[in-house]
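All remarks here apply to the structure that follows.
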Amino acid sequence: MTSGAGRTASPNTAVRAVALGGGLMTMFVGLGLCWILAAPDGPSATAVPNVVALGAAVLIVGLGALPTLGLDPTARMIGLAGAVWFVAVAVAAWMRTADQTGRSPAEVGIGDFGDTLSAGAPELVTLLASAAVVVAAGLHLTGRVEPPPAAYGILAAIGVLATAITGHAGGHAIGPVLVGAHALGAAWWCGTLAAMVLVVRGRRGWASALPEFSSRALWAVAVIAATGVISGLLETGLGDLVDTGYGRILLAKTAGLVLLIGLGVYGRQRWVPAVTRHRLSENTSLRLALVELVVMGAVLGLAVGLSGTAP
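Per UniProt numbering, the very first residue in the sequence shown carries number 1; after that it's consecutive.
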């Protein structure tokens, strides 16, 4: 795997770090907002490592999707994200075991931890998927194998899907399908933009990748919006949107999605044409991506909190 076009241009490392760091920070802001909106109820403490796990998994989904935009991530980049994902999921599973056994995390034994995973916990799937990402990336770095980037993206998508459908998919048969499609669409949209921030280099790189991403994002946004509205109405009635913590979080998440759609419209009308004509510098494109990633992070944080809040 190699990086994107235009690599000779200034890497703007600081802007990239701020963009990804800002996205992660606003995920925690979104989660904190969940505790405020759903007080005294709301997600448990396991939501904290779950935020990190989701952020890493979403990034791997995006990195795996880069070849469709004519870009390739590095195995080192994927392996690092996979390691963060694995550790965060392990911490979340350990904390959930402590909660289920009524012990402190320090008192939980390996046997208790194994019992939680063997009982069909969604963390088992994500642990296996994240471990597979780390092992495959490690083997790639040693030159023994060269998995296609899509393989990593599929493993991360499996983890995202397993976590999503075990949340509040509702009592309706179509609930898991809606929630799964919603989660995968969001993972591709947010993860691919984050991956582009890491990989794309120079004006030429953005001029090549951004229009392709924008055209595909239309379909992702359509799926996210449609499945989000339908699953939200199935999960809670209109009268409960303000009167319950779950409903208030859902409203906040919907508001964030509307803002993201507005930014997407702006991007298609202003950002994409300017980039295509090479009128924007790499730094400017990174800053515009930063704005979207910050909002995306908040929405993803709200999504983690929503999945851990009872309707």
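Even glycine gets a Cβ: it sits at the ideal position worked out from N, Cα and C.
Asked, Found
"In or out: residue 36 buried (at least 16 other Cβ within 10 Å) or exposed?", "exposed"
"Report all residues from its chain with a CB closer than 8 Å to the CB of residue 2; omit the five preceding and five following residues, and keep chain order.", "Summary for residue 2: the model assigns pLDDT 47, below 50, so the residue's position carries little reliability; its value from the coordinates is reported in the next sentence. Within the same chain, residue 2 has close Cβ partners 72, 74."
"Could you spell out where the alpha helix (DSSP H) holding residue 146 opens and where it closes?", "Note, residue 146: premise wrong, no alpha helix (DSSP H); not H, not E."
"Whole angstroms is fine: what's the gap from residue 285's alpha carbon to residue 267's?", "10 Å"
"Kindly indicate which residue of 13, 273, 59 has the alpha-carbon position closest to the one of residue 24.", "59"
"Just the Cα atoms here: how many angstroms apart are residue 248 and residue 304?", "14 Å"
"I'd like the span of the alpha helix (DSSP H) that includes residue 108, first residue to last.", "No alpha helix (DSSP H) contains residue 108, which DSSP labels as neither H nor E."
"With a threshold of 6 Å on Cβ separation, who are the neighbours of residue 136 within its own chain once the five nearest residues in sequence on each side are excluded?", "147"
"In angstroms with no decimal places, state the Cα-to-Cα distance between residue 308 and residue 144.", "41 Å"
"With distances taken from CA atoms, which of 260, 216, 289, 207 is nearest residue 194?", "289"
"From residue 129 to residue 270, what does the alpha carbon distance come to, in whole angstroms?", "39 Å"
"Residues in its own chain within less than 8 Å of residue 302 by CB, not counting five upstream and five downstream?", "30, 31, 33, 34, 249, 252, 253, 256"
"State the CB to CB distance for the pair residue 93 and residue 121, rounded to an integer number of angstroms; the pair is presumed to be in contact (CB under 8 Å).", "6 Å"
"Using alpha carbons as the reference points, say which of 57, 90, 276 lies closest to residue 209.", "276"
"Are residue 297 and residue 68 touching if we call contact CB-CB under 7 Å?", "no"
"Under 7 Å between the Cβ atoms of residue 61 and residue 191?", "yes"
"Out of curiosity, what's the CA-to-CA distance linking residue 280 and residue 64?", "26 Å"
"Among 293, 311, 310, 299, which residue has its Cα nearest to the Cα of residue 22?", "293"
"Assign residue 174 to buried or exposed, taking buried as 16 or more other Cβ atoms, counted over all protein chains shown, within 10 Å of its Cβ.", "exposed"
"Within a Cβ cutoff of 7 Å, which residues of the same chain sit near residue 166, ignoring the five residues on either side of it in sequence?", "122"
"Hey, residue 187 and residue 160: beta-carbon distance below 7 Å or not?", "yes"
"Suppose you measure from the CA of residue 204 to the CA of residue 227; what does that come to, to the nearest Å?", "35 Å"
"Check residue 316 in the structure and name its three-state DSSP category.", "Within the shown structure, residues of the chain are numbered from 1 to 311, placing residue 316 beyond reach of any answer."
"Could you tell me which whole alpha helix (DSSP H) segments of length 4 or greater appear in the segment 13 to 44?", "13 to 38"
"Where does residue 281 fall in DSSP's three states?", "coil"
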